[in-house]
Amino acid sequence: MVSSAPVSTETPSPPERGDFIREIVAADLREGRVQTVVTRFPPEPNGYLHIGHAKAIGLSFGIAGEFGGRCHLRFDDTNPTKEEQEYSDAIEADIRWLGFDWGEHLYFASDYFEQLYEWAVDLIEAGKAYVDDLSADEIRGYRGTLTEPGRESPWRGRSAAESLDLFGRMRAGEFPNGARVLRARIDMAAPNINLRDPVLYRILHAEHPRTGDAWCIYPTYDFAHGQSDAIEGITHSLCTLEFEPHRPLYDWLIDNLPVPSRPHQYEFARLNLTHTVMSKRVLLRLVSEGHVRGWDDPRMPTLSGLRRRGFPAQGIRDFVTLVGVAKADNVVEVEMLEHVVRDVLNRAALRRFAVLDPLKVVIDDYPEGQVEEMEVPNNPEDPSAGSRRVPFSRELWIERDDFMEEPVRKFFRLAPGREVRLRSAYFVTCREVVKDAAGTIVELRCTHDPATRGGDAPDGRRPKATLHWLSAAHAAPAEVRLYDHLFLSPHPGAGDNELFDDLNPDSETVLRGCLVEPSLAGLPVGETVQFERLGYFCPDPDSAPGALVFNRALTLRDTWAKLQAQGRQDA
Ligand code: ATP
Ligand code: MG
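With the working numbering, letter number 138 in the sequence shown gets 138, and the count goes up by one each step, no holes.
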């Protein structure tokens, strides 16, 4: 089981996999620097979680679970202008779906606003912070560059008493947005720009989802994060590489404040995937500009989108485990995700019959009105999955491209005069092709061999092809949505292209007039099955009785294995 017990009294077990972070954690425990590992996952509720977050979640919850510690869920809700309750709710649901549990350890940075304010006052009193009247633009201008030191603000010399007075009045709401900020007094010539008197508080007259109008000043990420870690007793604060240059500031604040514990920050590489984007800002644009059906559109890299697409949580957990933790940024081929998910589905998904592009077949020598319930295995890879009964009758549907009037070389499926196997039913032979006035094939007339019932011939003959089929009288109509990459380029927006020019116009194809076996009418949302010979599909939440909708999660073709083989050849 992957979910970590929120509190565990068990002896810490050795890590399952060694990576540089697990090695640090193991050493800290072994050498007694840490008694219980406490990690946290700190999403900002300004969007839905994506598969990159799954990597961070798998890491922090995974480590806590493996080492007998706990992982907190903490909402980093310090920017009320972008944050919404809808997002927090979705984040909780997605983490649970992924299979992780924070137990009672649900926290909000906003719960610490009063404490953070007091610590800001402490810094001012100690001469380590001051109120600055420069505008945001001016502060940027004074900051300097990587090669040039910054310049000191004219307000840097302000007395502690004056800063205290102004900071109190900032809190009291006396000043408009952007009029003043609180800055740490560190070093305007520091080689690390984050140490050049970073902003700790800004004025934002905005209603907060949790604290309402209690505050009109809000701490920055830098001021809130490490201190929240310290309040919660986080031992290993794991985040992505872009925070590496912030670590000296993280440590400076911890060292200069009377915090109750000493957390440490460790950075790992972000997960990026080809043919998609991970930035919440861009994902929000895709949603708000109507390029997709919503945050949970099956083409989105969001967890809710992947779930709707039919990817099981196990597949996503396996994928982030396989990707592992490294210190160098990398882009993973989306085909690898598909490969891992396909592997999970191949083992677990029940097989079902569906016909996406139906062609009528009439078995002339089969009695009219007769129906046989054919026993069809649910998963040939797993006998314990049992079997189901699928009705068979005189009029059937098969896939239009399983027939060729003039078969080309290597086409072994149905053709005039040729015998094929209908899976778990009978061998049938095509006797006649019926066309409409326009010359389109509308029906095939066939005969069957009654001795082959169940799909095997007593004389041992074996047709070269086995087709799936549906009884026309019993099949249920369905809409089927096929999905492809959201962006055409493997690295969207990498060149000169405007990012959205690169959107794949064929990322969604809606097929109407498809047919599925009757048992699929009751398949619950969230369950992915294999439509035999076609791919993996699951019901969409839009699906309703009488108006079934299925999403294609994946085709059966594994392109990653091919990519890997190519890579080996090139190497
Ligand atoms: P975005 O840049 O997409 O807006 P974010 O980093 O601002 O994402 P947060 O909600 O702040 O999103 O992220 C919560 C945690 O998830 C952070 O610790 C962050 O480092 C981690 N995280 C975000 N994106 C990725 C990613 N692509 N790969 C791994 N971890 C990630
Ligand atoms: Mg962030």
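Think of the CB as a built atom: it goes at the ideal place given N, C-alpha and C, for glycine as much as any other residue.
Restricting attention to Glu138, Lys55, Leu345, Pro463, the CA atom closest to the CA of Asp382 is found in Leu345. Burial is judged here by how many other beta carbons sit within 10 angstroms of a residue's own beta carbon; Ala126 has fewer than 16 and is exposed. Taking the Cβ of Arg247 as the reference point, every heavy atom of ligand 1 lies at 7 Å or farther away. DSSP, read as helix, strand or coil, puts Pro518 in helix. Nearest Cα to Glu66 within the set Ala160, His474, Phe100: Phe100. Boundaries of the beta strand (DSSP E) harbouring Asp449: 441 to 449, taken from the DSSP string. Distances taken from the Cβ of Cys71 to the heavy atoms of ligand 1 include none shorter than 7 Å. With contacts defined as CB atoms closer than 8 Å, Pro260 and Gly226 fail to qualify as a contacting pair.
When secondary structure is reduced to three states using DSSP, Leu470 falls in the strand class.
Not one heavy atom of ligand 1 falls within 7 Å of the beta-carbon of Ala475. Cβ atoms of Arg202 and Ile217 come within 8 Å of each other, at about 7 Å. Here Leu49 is not near Leu322, since their CB atoms are 8 Å or more apart.
Not one heavy atom of ligand 1 sits closer than 7 Å to the Cβ of Gly460. One residue after another in chain order, those with a Cβ under 5 Å from a heavy atom of ligand 1 are Pro43, Glu44, Gly52, His53, Lys55, Ala56, Cys239, Thr240, Arg270, Leu271, Met278, Ser279, Lys280.
For Lys360, no alpha helix (DSSP H) segment is defined; the enclosing uninterrupted segment is the beta strand (DSSP E) at 358 to 363.
Exposure of Glu84 is indicated by the presence of fewer than 16 other C-beta atoms within 10 angstroms of its C-beta. Taking Pro258 as reference, the option from Ser228, Lys280, Arg270 with the minimal CA-CA separation is Ser228.
In the displayed model, Asn551 falls within a strand according to three-state DSSP.
In the DSSP assignment, Met374 falls within the unbroken beta strand (DSSP E) covering 372 to 377.
Counted as a single uninterrupted DSSP element, the stretch harbouring Trp397 is not any alpha helix (DSSP H) but the beta strand (DSSP E) occupying residues 395 to 399. If you draw a straight line from the Cα of Asn379 to the Cα of Arg270, it is about 37 Å long. Rounded to whole angstroms, Pro416 and Phe392 show a C-alpha spacing of 22 Å. Rounded to the nearest angstrom, the gap between the Cα atoms of Glu23 and Arg33 is 14 Å. Our two residues, Gly454 and Cys446, have alpha carbons roughly 18 Å apart in a direct line.
For Leu271, there is no enclosing alpha helix (DSSP H); the enclosing beta strand (DSSP E) has its first and last residue at 271 to 273. Between the alpha carbons of Gly212 and Pro149 lies a gap of roughly 40 Å. Taking each of Ser507, Gly68, Pro42, Pro490 in turn and checking the Cα distance to Thr276, the smallest one comes out for Pro490. For Thr429, the secondary structure class from DSSP, reduced to helix, strand or coil, is strand. Rounded to whole angstroms, the Cβ separation of Arg481 and Asp540 is 7 Å, and the two are in contact under 8 Å. Taking a cut-off of 8 Å on C-beta distances, the region 51 to 64 touches the region 299 to 317, as three or more cross pairs fall below it.
The Cβ-Cβ distance between Arg143 and Ile193 falls below 8 Å. Segment contact: the region 34 to 41 against the region 64 to 82, three or more CB-CB distances shorter than 8 Å; contact assigned.
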